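According to the numbering used here, the sequence shown is numbered sequentially starting from 379. The beta carbon of each residue, even a glycine, is placed where N, CA and C say it ideally should be. In this text the structure is predicted, and so the values were computed from the model without any measurement. A short write-up of the structure that comes next.
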Amino acid sequence: RLMDERDNIIVLNDEDGVSTEFEFLDLVELDGAEYVVLFPVEDAPDDPGEVVILKVESTEDPDEESYVGVEDQNVLDAVFEIFKEKFKDEFDFAEE
379 RLMDERDNII VLNDEDGVST EFEFLDLVEL DGAEYVVLFP VEDAPDDPGE
429 VVILKVESTE DPDEESYVGV EDQNVLDAVF EIFKEKFKDE FDFAEE
């Protein structure tokens, strides 16, 4: 019987209303902003093992957050470096 690891699964809806499940891996702080590092539960066949990094933005509802894509490659690289350093003993990261 497989363990159900659903506690760290979050479901995000895109602007078309399509929902995608992600496994929450980490929350990284950088320059006063917070970023979530997510792993797609349904691995896309053409994109295996790719994490998704999104910026956390507050909304008017204190119980809700929204996540926005990060356009700045330098920010993505910096967040990913922090994440890799934290988890270097748990994951094997493929070097580009």
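Taking the C-alpha atoms as reference points, what is the distance between I388 and E459?
-> Stepping through the sequence shown from its first residue, residue 388 is reached at position 10. Stepping through the sequence shown from its first residue, residue 459 is reached at position 81. Straight-line Cα distance between these residues: approximately 23 Å.
Is the beta carbon of F404 sitting closer than 8 Å to the one on F461?
-> Here the question's residue 404 lines up with position 26 in the sequence shown. Here the question's residue 461 lines up with position 83 in the sequence shown. Before going on, a small fix: residue 404 reads as Asp here, not Phe. In this structure, F461 lies closer than 8 Å to D404 by Cβ.
The ligand COA heavy atom lying under 7 Å from the CB of K466 = Of ligands this structure carries none, so the ligand COA is not represented either.
E393 versus V446: straight-line alpha-carbon distance, rounded = Translated into the one-based positions of the sequence shown, residue 393 becomes position 15. Translated into the one-based positions of the sequence shown, residue 446 becomes position 68. Those two C-alpha atoms are separated by around 11 Å.
For L416, does the count of other Cβ atoms within 10 angstroms reach 16, so buried, or fall short, so exposed?
-> As a first step, residue 416 is located in the sequence shown; it is residue number 38 there, counting from the start. With 16 or more other Cβ atoms within 10 Å, it is buried.
Among the residues of its own chain, which have a CB less than 8 Å from the CB of V457, if the five just before and after it don't count?
-> Taking the first residue of the sequence shown as position 1, residue 457 is located at position 79. Closer than 8 Å at Cβ, skipping near neighbours: V406, L408, Y413, V415, I431 and V448.
In the DSSP assignment, what residue or residues form a beta bridge with T398?
-> Numbered from its first residue, the sequence shown carries residue 398 at position 20. The partner list for T398 (beta bridge, DSSP) reads L390.
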